[in-house]
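The next block holds one structure in the form of structure tokens; read it before the comments.
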Amino acid sequence: MAELTTLARPYAKAAFEHAQAHQQLANWSAMLGLAAAVSQDDTMQRLLKAPQLTSAEKAAAFIEVCGDKFDAKAQNFIHVAAENERLLLLPEISTLFDLYKAEQEKSVDVEVTSAFALNQEQQDKLAKVLSARLGQEVRLHASEDASLIGGVVIRAGDLVIDGSVRGKIAKLAEALKS
């Protein structure tokens, strides 16, 4: 995983710097998201791994599948990635680009898993509190998991706050074992 990130980082950084310089962060994020999805398709994976095809042929096929969603700069990006045999890294490149974009915009995606559905008022209040704590704009994504019994688990990047009953029981069991 770390090796893929290392290989993808220069491409994500170059795309981010270009997009930032031309005020096209949202466009490039969408383009890279599409490229990542296309690169994960089984048929496209077989095509990208085909040794008999040149990098130019792989790039042309990739761009043809994406249609008019790519401008000239994005097409050039695909050609460069193809020449360096990095088209299979597009999902990682897209993820890194979105991380750079979120850092630039001072925003963070937060995944909240609760035992019961949170209403909109609860979500708004939680987002406000997390925004103050993290010092960034929070984009909240809520989901349910009945196995938590009660409480919530909050994930924001590397930060995990486990306020679930299941988590507290697990901590108690660990304390009793030691």
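With the UniProt record's numbering applied, the sequence shown covers 1 to 178. The C-beta atom is built at its ideal place from N, Cα and C for all residues, glycine as well.
Let me check one thing: in DSSP terms, what residues is residue i bridge-paired to?
| i | result |
| --- | --- |
| T113 | S143, V153 |
| E105 | According to DSSP, which records beta bridges pairwise, E105 is partnered with nothing at all. |
Is residue i helix, strand or coil by DSSP?
| i | result |
| --- | --- |
| S178 | coil |
| E137 | strand |
| A74 | helix |
| L7 | helix |
| H18 | helix |
| L96 | helix |
| L118 | coil |
| L148 | helix |
| L172 | helix |
| L53 | coil |
Go to residue i, then tell me how far its beta strand (DSSP E) extends in each direction, as first and last residue.
| i | result |
| --- | --- |
| D162 | 159-162 |
Starting from residue i and walking both ways along the alpha helix (DSSP H), at which residues does that stretch end?
| i | result |
| --- | --- |
| K69 | Unbroken run through K69: none, as it is neither H nor E. |
| D42 | 42-49 |
| L88 | Run containing L88: none; DSSP gives neither H nor E here. |
| N27 | 25-39 |
Using a Cβ-based criterion (distance less than 7 Å to any ligand heavy atom), does residue i qualify as near the ligand MG?
| i | result |
| --- | --- |
| G163 | Absence of the ligand MG from the depicted structure is noted, as is the absence of any ligand whatsoever, leaving it without description. |
Mind the definition here: the region 38-55 touches the region 78-95 only if three or more C-beta pairs lie below 8 Å; say whether that holds.
The way I'd put it, the region 38-55 does touch the region 78-95; three or more beta-carbon pairs between them come closer than 8 Å.
- Report yes or no: do the region 151-168 and the region 104-113 share at least 3 C-beta pairs separated by less than 8 Å? yes
contact_flag[the region 10-21, the region 89-101] where n(CB pairs < 8 Å) is 3 or more = yes
- Taking three-plus beta-carbon pairs below 8 Å as touching, is the region 125-140 in contact with the region 162-173? no
Answer yes if the region 98-108 comes into contact with the region 62-71, meaning at least three C-beta pairs across the two stretches below 8 Å, and no otherwise. no
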